[in-house]
Each structure stands twice: as C-alpha cells, then as structure tokens.
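Sequence lines, in order, name chains A and B. Taking UniProt numbering, I'd label the letters of the first sequence as residues 1 to 315. Taking UniProt numbering, I'd label the letters of the second sequence as residues 1 to 257. C-beta: ideal position from N, C-alpha, C; glycine also. Note that this is a predicted model, so its numbers are computed, not measured. Only one structure is covered here, and it is reproduced in the block below.
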Amino acid sequence: MNHRIEGVGTNRQSLIARKMLTYNKRQFTENMTGRTIAMLCAALLVIVVLSITYFIASKGLSTFFVDGVSISEFLTQVKWDPEGEPALYGVFPFILGSFLVTALAAVIAAPLGIGAAIFMTEIFPGFGKKVLKPVIELLVGIPSVVYGYVGLTLLVPFIREQFDVLGFSLLAGGLVLALMILPTITSVATDAIEAVPQDLRNASLALGATRWQTIWNVVLHSALPGCLTAVVLGMARAFGEALAVQMVIGNTTKLPGSLLDPISTLTSGITLNMGNTIQGTPYNNALWSMALLLLLMSFVFIMILRFLGRKRLVK
Amino acid sequence: MSVLTMQDTIIKTNNVSVYYGEKQAVKNISMDIERNSVTAFIGPSGCGKSTLLRSLNRMNDLVPSCRVTGSIVVDGIDINSEQVNIESLRQIVGMVFQRANPFFKSIYENIAFAPRFHGMTDRRELDELVETSLRKAALWDEVKDRLRDSALSLSGGQQQRLCIARAIAMQPTILLLDEPASALDPISTMKIEELVMQLKEEYTIVIVTHNLHQAARISDKTAFFLLGELIEMDETGKIFTSPENDKTEAYISGRFG
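Here is the structure:
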C-alpha cells in the first residue's frame, strides 16, 4: 500500500489511514465469488444463445452456399417440391401462411384482449381482479396441444359444416391462435392500463369528460405503448406456435385464395417435414433455412418490443 | 332548491357533511362564497378542507364509500340533485389539483381537450381559445413557439400553469384550486399567486392551501377548518389580525398544525 499522503503524520491519523487501506479478506473473497458466479451464469447464457444462432445459421445458410439455391428464389418462389426433379425450394407459401395466421390472430385478439383489460381495470375492477385475472392467467398455462385438439374437434367441423369446405383453414388457424394469445395480450395490456396514473383520470373527469371519453382519450392514449407491446408479444407467440396451428390449418403448400383455404406456416412446415429428411441433404438444409427465418423474425419482434419499451420511458 | 338571499353569493353550502364509510370527514358546514372573490381554505392536514373542495364539483362521487349530505347550491341549483348533469357541472366548476397532471399529449392538445369534448370543432375557434387560455394563465409567451411539444417537456411550475389554462379553456365560472403551489419552488409559487389574483376578475376562486402567508397574500376571505368543522370564516385581514376564535388564533400564530 503505497498511497501514503504527505502531512498525514500523527499516530492516530495513520491508524485511520491504515484502516482505510486494508482489505477485509472475507468480504473480498465473498465479493469475488459472487461476482464470478454471476458472470459465469451470464456468460453461459450468451454462449448458449450465440451457439444456437451459429448452429441454425450455419445449417440454414448452407442451403444457399453449399446447395446453391438462390436466396431470392428461396424467398419468393411459390413451388415447394424438395423431392422433385429438379427439386424446388420456394418457401413463400410458408412465409405468407405464417404472416397471415399471425395477423389474423392479432386482428381478432387485440381488440378483445384490450377490451377485456379495460373491463378489468376501469369498469369492473373488483370482479376483474378477483375472478377474471386469475382465470386469464390460468389460460396462459394450457398446453398448445390442447388448444389444437379443441380446434380440431370443434372448430374444424364447425367451419366445414357452415361453409361447405374442408374445414382445415387459415380461418381455423387464426381463431385458435387468437384464443391462445388472448391471455397474453389481456394480462400485459391490463398491467399497462393499471400503470396509468390516477391523477390523469381525475384531471380528465374534472374537465367534464365522461367516463368513456376519459377511458378512450386519456387512459388508452397514455397506455398505448404498453398495449402495443401486448399485441406484439402476442404476435411473437403466434408466429412461433407450431403444434396447435399445424393441427387445424391443413398444411398444403398451395397459395390460399380465401380465409377458408388450407395453408402452411414456417413452423408447421418444419415440424411436418423434419422427420422425413436426412441430415445434410439439401431438403434438410432447406428446413433449417426456414428455422433461420423464424429466428430472424423473432429478432425483429424483440427489436420492436425494445423500441416500444424505450418509447414508454420517454413519455 | 333554495333561493339566494344575497346577490353576490355564488356558492352556498347548507349543513354539508361528508362521510367516508363510517368516518365523518366534514361536519355540518354552512358557508357562502362570493362571486369574483378568492376564498382560502386553511387548516391542518386531515381537517376536511380538501374534502369539502372536492364536493363542490362532485369529484367525491368517484370514491365509492363517500356520501354527502346537506345541500350545495351553485347559482341557485342544488348540485347534488338528480337533474344536474355532472359533466356540465364540472365544466362550470373547474378544478386544478395539487400535483400538476398534464395529459401525455402536446401543449395544444392539453388545452383543447375539454373544449373538444364540449363540442368545439372549428379549428380557428380552437386555436383562438388555446391562445386566450394560455395568455390568461400567463404561459403564452413561454410556449407559443412550441405548442406541438409534449406537455411533459415543461417545468413543474409551467405544467401547473398549463393545468390552470386547461381548466380556463372550459370557460368555467368557478375555479377550485387544491394546494396548487405546494409542490412548486418559490418563484413558480409567486407566479401562481399573481395569476390567482388576476383570475379573480373573471372567476370565483376557492383555494386550499397549507401556506398561511399565501392565504394572507391572495385571498379575500379565509375559512379555517379543524377536525372537519368550520371554526371561523371571515375577511382575510380579520382572520389574520384579530380572529374571534382562540383555535384560529393558535393556528395562525403557529402554535399547532
């Protein structure tokens, strides 16, 4: 310890000085151990994420760089026939299917979820908090195969009878997904609406606004970033969902002409074909490329969420 | 409905009690408030002054367990009667809160909020009203170049004046101010006080304050409350120099509260 300062010379002061310059061994080791463990955990997480990304990317990109499929053809061609002669790897129908079911689910579930959130926070808070909120949280825990099964046994036959079609359809997929993401949207939107300061509601009411005007113009307006976060979170879940969707959408690679036509999604395409392919073949690599697309989309969703989160802080 | 006896009384409360559940927060208060005057409500915390203030525009309706008895008559109408439209009442009796609470919108939209809801749609009329309201709240010069900026970009004192401007834009008759300067620095407080004294030309003002000097500086009449009761109400000069009640004397001389 060579930090002695000139002029601090008396005995008493040098005791204090010495104390300031000594480390407590136990504190020091505890501190270092804690830090090391925390850093190891963080490092492990980073390594796992990076290696998954690397693995998927290396497999997925080999479709283009090893098997020589052009990226633009892969993304835009509408013919998917990997076992044909010549093999065709157009995944556009899958991409379109994924976006369509996700959008349909969001369009159905967003108004319902935000409406339910308003009911639980603004209109009937007692009942909402005691009964509705736990029930909705329970819905989050239902496995997706159960949603898929319910869709398969109730929804698909219903659509078949009503519209005289196959029943397996974009509409069925959208509805099942809407039901699945409804609890996510509702609970995140509820939190966002609850976070709106009571002061703002009072201000609005004191200005002679009605309850509805207050909810619409002040509460929802202030909670908008949070409600958008809720919808994007729901969409991220819908986009990545495989099982329930696959059970009800019919899985054809033809482009859909209407809501009642069957389609495929990226996820259902992967799960249905993965078992039939051999590692390292172009067919197998093409499926990895689809997985890579899914991964990229989830990055996009995360970026949107980050952006919305930052916006909330500024406001 | 009672007929007003004095010409210049605009608010007349008669035996008003306010209960929160079982607890009686305001006890049998009868008072007259004059048109175009500033009336200050003073008293220690929990004395019921804010509760009474919130009864004057029925903000207490929002508290489920709250019950108001007695009559509050504004310009000849009992405001608690069933025929009264609460939105119109609040438009006539405006309120500014202790903490500035601008909406997460632009300065312009904050001011235009109430007029829009009360049916003003003409763009030019709105622009004009926004300007007059901001001028009356002595804020125009500070914000005229950034009406589209978020109201949250203003300082605390400016935000509070914005809230006053927002209430003025409703073209109310009465303004209720609930400790409007208690969260502000001395300079902002001074600006609010100057503003209040100007505004009484056009509006009847009732202000709750913890700051006795403030009450003495800006009000015409002062009402002293203690434990839910109205102890004394008189000309401000009289209350602060020769109060009739010992408790008032004790409070204004700083012996408790």
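GLN198/A versus LEU177/A - alpha carbon distance:
Numbered from its first residue, the first sequence carries residue 198/A at position 198. Numbered from its first residue, the first sequence carries residue 177/A at position 177. One C-alpha to the other measures close to 34 Å.
Is the closest heavy atom of the ligand HEM to the C-beta of MET120/B under 7 Å?
This structure lacks the ligand HEM; in fact it carries no ligand of any kind.
Cutoff 8 Å: THR210/A Cβ touching any chain B Cβ:
Looking up residue 210/A in the first sequence gives position 210. Interface residue, yes.
Do ALA238/A and GLY148/A have their C-beta atoms within less than 8 Å of each other?
Translated into positions along the first sequence, residue 238/A becomes position 238. Translated into positions along the first sequence, residue 148/A becomes position 148. Taking 8 Å as the Cβ cut-off, ALA238/A and GLY148/A do not qualify as a contacting pair.
With a threshold of 8 Å between beta carbons, is VAL231/A in contact with chain B?
Taking the first sequence and counting its residues from 1, the one referred to as residue 231/A is at position 231. Judged by the 8 Å Cβ criterion, VAL231/A is not in contact with chain B.
With 16 other CB atoms within 10 Å as the buried threshold, where does GLU232/B fall?
Counting from one through the second sequence, the residue named residue 232/B turns up at place 232. By the 10 Å Cβ count, GLU232/B comes out buried.
Compare the C-alpha of PHE301/A against each of GLU30/A, TYR283/A, THR229/A and GLY250/A and name the closest.
Within the first sequence, the letter at position 301 stands for residue 301/A. Closest option to PHE301/A, Cα to Cα, is THR229/A.
Contact the stretch 178-198 of chain B vs the stretch 145-154 of chain B: 3+ CB pairs below 8 Å:
no
Beta-carbon proximity list for THR63/A, same chain, < 8 Å, skipping 5 on both sides:
As a first step, residue 63/A is located in the first sequence; it is residue number 63 there, counting from the start. Excluding positions up to five away in sequence, the list reads VAL69, PHE74, TYR89, PRO282, ASN285, ALA286, TRP288 and SER289.
Helix or strand or just coil, what does DSSP make of VAL73/B?
Your numbering for residue 73/B matches position 73 in the second sequence. Of the three classes helix, strand and coil, the one that applies to VAL73/B here is strand, per DSSP.
Closest by C-alpha distance to SER65/B, when choosing among PRO102/B, GLY48/B and TYR19/B
Locating residue 65/B in the second sequence gives position 65, where the first residue counts as 1. Cα-wise, what sits closest to SER65/B is TYR19/B.
Range covered by the alpha helix (DSSP H) that runs through ILE181/A:
Here residue 181/A is taken as the residue at index 181 of the first sequence, counted from 1. That run of the alpha helix (DSSP H) goes 170-194.
Local conformation of PHE225/B per DSSP, three classes:
Along the second sequence, read from residue 1 onward, the residue named residue 225/B stands at position 225. Here PHE225/B sits in strand by DSSP.
With the cut-off set at 8 Å, would you say THR204/B and ASN36/B are in Cβ contact?
Counted from its first residue, the second sequence places residue 204/B at position 204. Counted from its first residue, the second sequence places residue 36/B at position 36. In contact: THR204/B and ASN36/B (Cβ atoms closer than 8 Å).
Three-state secondary structure (DSSP) at ALA110/A?
Start at 1 with the first residue of the first sequence, and residue 110/A comes out as number 110. In the structure shown, ALA110/A sits in a helix (DSSP, three-state: H, G or I).
Run the CB neighbour count on ALA169/B, radius 10 Å, all protein chains shown included, and call it buried at 16 or more, exposed below.
Here residue 169/B is taken as the residue at index 169 of the second sequence, counted from 1. Flag for ALA169/B reads buried.
To the nearest whole angstrom, what separates the beta carbons of ILE263/A and GLY250/A, a pair I think is in contact under 8 Å?
The count along the first sequence starts at 1 and reaches residue 263/A at position 263. The count along the first sequence starts at 1 and reaches residue 250/A at position 250. Correct: roughly 7 Å between the Cβ atoms.
For ASN24/A, decide whether its Cβ has a neighbour in chain B, counting only Cβ atoms nearer than 8 Å.
Here residue 24/A refers to the residue found at position 24 of the first sequence. False, the Cβ-Cβ gap to chain B never drops below 8 Å.
Identified DSSP bridge partners for ASP32/B
As a position in the second sequence, residue 32/B is number 32, starting the count at 1. Answer by DSSP bridge pairing, in chain order: LYS12/B.
Sequence-distant residues of its chain with Cβ nearer than 8 Å to GLU193/B (five each side left out)
Translated into the one-based positions of the second sequence, residue 193/B becomes position 193. Around GLU193/B: ALA181, GLN214, ARG217 and ILE218.
Closer than 8 Å is the cut-off here; do at least three beta carbon pairs connect the stretch 17-31 of chain A with the stretch 254-273 of chain A?
no
Kindly indicate which residue of ILE92/B, SER55/B and GLU249/B has the alpha-carbon position closest to the one of GLU202/B.
The sequence position of residue 202/B within the second sequence is 202, counting from 1. Per the Cα distances, ILE92/B.
For LEU313/A and chain B, any beta-carbon pair shorter than 8 Å?
Counting from 1 along the first sequence, the entry for residue 313/A is found at position 313. Because LEU313/A sits at a pLDDT of 46, beneath the cut-off of 50, its placement in the model cannot be relied upon, and the point is left open.
So, is THR184/A buried or exposed, given that buried needs 16 or more other C-beta atoms within 10 angstroms?
To locate residue 184/A, count along the first sequence from 1; it is residue 184. It is buried - the Cβ of THR184/A has at least 16 other Cβ atoms within 10 Å.
Of all Cβ atoms in chain C, is any one closer than 8 Å to the Cβ of LEU220/A?
Here chain C cannot be found, since the structure's protein chains are A and B.
Tell me, please, whether the CB atom of ALA25/B is closer than 8 Å to any CB atom in chain A?
Position 25 of the second sequence, counted from the first residue, corresponds to residue 25/B. So no, ALA25/B is outside the interface.
Cross-strand partners of ALA40/B (DSSP beta bridge)
In the second sequence, residue 40/B corresponds to position 40, counting from 1. Looking at the DSSP assignment, ALA40/B forms a beta bridge with ILE207/B and THR222/B.
Around the Cβ of TYR108/B, are there at least 16 other Cβ atoms within 10 angstroms (buried) or fewer (exposed)?
Along the second sequence, read from residue 1 onward, the residue named residue 108/B stands at position 108. By the neighbour-count rule (16 or more Cβ atoms within 10 Å), TYR108/B is buried.
So which residues of chain A does GLU194/B contact, with C-beta pairs closer than 8 Å?
Stepping through the second sequence from its first residue, residue 194/B is reached at position 194. Those within 8 Å of GLU194/B in chain A number zero; the least Cβ separation is about 23 Å.
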